[in-house]
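In my numbering, the protein residues as written are 50 to 486. All C-beta atoms, glycine included, are put in the ideal place defined by N, C-alpha and C. Step one of this worksheet: look at the structure below.
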Amino acid sequence: MRISVIGCGYLGAVHAACMAKLGHEVIGIDVDASKIEALSDARAPFYEPELEDLLKEVQATGRLSFTTDMSAAAGSAVHFVCVGTPQKKGENAADLTFVDAAVTALLPHLSPGDVVVGKSTVPVGTAARLSELVEIQEPSAHLVWNPEFLREGHAVSDTLRPDRFVYGVVDGSEDHSAVAILDEVYSTPLSSGTPRLVTDHPTAELVKTAANSFLATKISFINAMAELCEAAGADVTRLADAIGMDDRIGRKFLNAGIGFGGGCLPKDIRAFMARAGELGADQALTFLREVDAINMRRRTRVVELTRELCGGSLLGKRITVLGAAFKPESDDVRDSPALSIAAQLQLQGAVVTVTDPKALANASRRFPELHYESNTEKAVERADALLLLTEWQEYCKLEPYALAASVASPRILDGRNVLDSAKWRAAGWSYRGLGRP
Ligand code: UGA
C-alpha cells in the first residue's frame, strides 16, 4: 500500500521505516528540514537501537522516502499522524498545536476513501473533533485512532511485533470499512497472531492514557514501598521479587529507584488529569496527583541521600553522575530524573560531572551549566561520590575493586538498585541503594 507518515520524530521515523519493512511504499513528512535530511540519508536523528540499520535496509529497496512537502501525501491510501503532543507551557494539559497543524495541512491532499490514522497520544475527544474535519473535507474519508504503545529503546521490535492493535473507529464497529484497510496495513503482524481490538474513538484514546497511567502508578507504588522499606529497614528489591511472583501483580515495572521520566509517562498522566477536569471527572484521577508527587519526591530524596553520603554537605563535593538519559538505550533526556538530580546537586554547591554513552549532546543542550565527560574513566576520576542514575549495561558492569583506585572516596549511590551491594561493600565502598538497608 502507499502510506504517508506525518511527523518523523521518535514515533514517526520508526513507524515509517517499519511500514516500509512490512512491504509498503512509504513517504515520511516532517516540517523539520534537518530531520528530513538525516532520514533521507538513512541516518537516525536520535539514538534508537536497530533504527539506522533498518533505515538503510528499507531505503535500499526504494520503498521509503522523506520530504518536507505535505503535498507528497496525496495519493497515499493511509495517512498516519505521528506528531508530538508535549505538555503545554505552564499547564498540565497537552499541547495539540502539532496535531491540529498536521491534520489541517493534510486535509487538502485527501482523496475519496482515504484513511487518516491518529497515533499521537491525545486527550479523549480529540479524535471526534478531527474526524469531523476530515469528513467535511472529504466525506468518504475516515479517521481511525490507533494508539501506539512502543517503548523507546525497543521501538523497532515493538512496532514490528506489537502486543496488540487498537483501532478506534467512529461507530466502534468491526464492519467499518477503515478496519479492513488497517488490517491490510498490518497484515504481517496480524497473521502472526497479534490481537486486535476495534473500539469507538474515545475508548481507543483512553486505552493509551490508561495504559501509561497504570504503568506510572505501578512505578510510584513500588517507590512508595521503597520509602516505607527505608523507614522500616526492609529491602524493596526483595519485596518486589516476592509480590511480583503473584502473576496478578507481575514483577515488571516494579523496579524502585529514582522514578519515571521521559517524553511520555510524566506528561501523559498530567494531561489525563487536566482532561478529566474538563470532563467533570477530576475526582476519578486525583490518585494520579499522588503518583506524580511520589515520583517527584524520588529526586529530592536522592539529593538528600547524596548529601548524607558525602558526610552532611554538598559544598564543593565532586559528584559524578553515571547516566543522563531517562532510561538506557535512549539518548532522550526529556524530563530525565537523572539530569534533574544532577542539576539540583549543582545548584546546592556540588561540582557535578555527568557522563552517558549516548545522551550527552542532548543533555548539554538542556543543562549547559553542568560539566559533561564522555569517557567514564575520566568522569569518575577524583570523585567524592558516584551516582548511578541510568542503568546502562556498562555502568551495571563496573568493577568496584578497579574503580576504587580512581575515585577520591569510594562512595556510590545506586539510583536504580542494579548493583550487587555486597560486592561493592566488600570492595570497600559505602553503598546506598534506594529502599534498601
Ligand atoms: C512508555 C510506555 O512504556 C510505552 O508503552 C508507551 O508507548 C510510551 O511510554 C509512549 O507513551 O510513547 P517509554 O517512555 O519509552 O515508554 O519508557 P518506559 O520503558 O515506560 O520507562 C519510563 C520511565 O519509567 C523510565 O524513566 C524508566 O526508567 C522508569 N521505570 C520503568 C522505572 O523507574 N521503574 C520500572 O520498573 C520501569
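8 Å CB neighbourhood of residue i in its chain, flanking five on each side removed
i           : result
residue 487 : Past the boundaries of the shown model lies residue 487; the chain is included only from 50 to 486, so the question cannot be answered.
residue 118 : 78
residue 187 : 156, 159, 160, 161 and 163
residue 274 : 285, 288, 289, 305 and 484
residue 331 : 322 and 325
residue 59  : 95, 97, 201, 204, 312 and 381
residue 100 : 62, 63, 66, 93, 204 and 205
residue 299 : 293
Neighbourhood of residue i by C-beta, 6 Å cutoff - its chain only, sequence neighbours within 5 removed
i           : result
residue 409 : 421 and 423
residue 368 : 394, 399, 401 and 434
residue 194 : 167, 176, 217, 250, 253 and 254
residue 467 : 440 and 445
residue 460 : 358, 434 and 479
residue 303 : 271, 289 and 293
residue 257 : 170 and 196
residue 144 : 135 and 137
residue 269 : 340, 343 and 344
The ligand UGA heavy atom lying under 7 Å from the CB of residue i
i           : result
residue 97  : no
residue 268 : yes
residue 197 : yes
residue 316 : no
residue 349 : no
residue 278 : no
residue 378 : no
residue 200 : yes
residue 57  : no
residue 170 : yes
residue 375 : yes
residue 329 : no
residue 311 : yes
residue 411 : no
residue 179 : no
residue 308 : yes
residue 304 : yes
residue 261 : yes
residue 388 : no
residue 468 : no
residue 264 : yes
Paired residues, beta bridge with residue i - DSSP
i           : result
residue 216 : 247
residue 303 : Partner(s): none; residue 303 has no beta bridge.
residue 145 : Bridge partners of residue 145: none, in fact.
residue 369 : 402 and 435
residue 51  : 74
residue 193 : 166
residue 113 : 75
residue 481 : 462
residue 421 : 403
residue 128 : 53 and 165
residue 136 : 143
Chain-order list of residues whose beta-carbon lies under 7 Å from that of residue i (same chain, five-residue window excluded)
i           : result
residue 75  : 52, 54, 65, 68, 69, 112 and 113
residue 470 : 480, 482 and 485
residue 405 : 372, 373, 374, 412 and 439
residue 455 : 426, 429 and 430
residue 208 : 63, 64, 67 and 199
Closer than 8 Å to chain B by CB, residue i
i          : result
residue 92 : This model lacks chain B altogether, as it is built from one protein chain only.
(message) Tell me whether the stretch 173-191 and the stretch 201-215 touch, counting them as touching only if at least three CB pairs, one residue from each stretch, are closer than 8 Å.
(response) no
(request) Report yes or no: do three or more beta-carbon pairs, one from the stretch 447-456 and one from the stretch 317-334, lie closer than 8 Å? (result) no
(request) Count the CB pairs spanning the stretch 221-236 and the stretch 161-174 that are closer than 8 Å, and state whether there are at least three. (result) yes
(request) Count the C-beta pairs between the stretch 81-92 and the stretch 146-163 that are closer than 8 Å, then say yes if the count reaches three, no if not. (result) no
(message) Quick check: the stretch 346-363 against the stretch 393-405, are at least 3 beta-carbon pairs closer than 8 Å?
(response) yes
(message) When you compare the stretch 216-224 with the stretch 116-130, are there three or more beta-carbon pairs, one atom per stretch, that lie closer than 8 Å?
(response) no
(request) Examine the Cβ distances between the stretch 299-315 and the stretch 377-388 and report whether three or more of them are shorter than 8 Å. (result) yes
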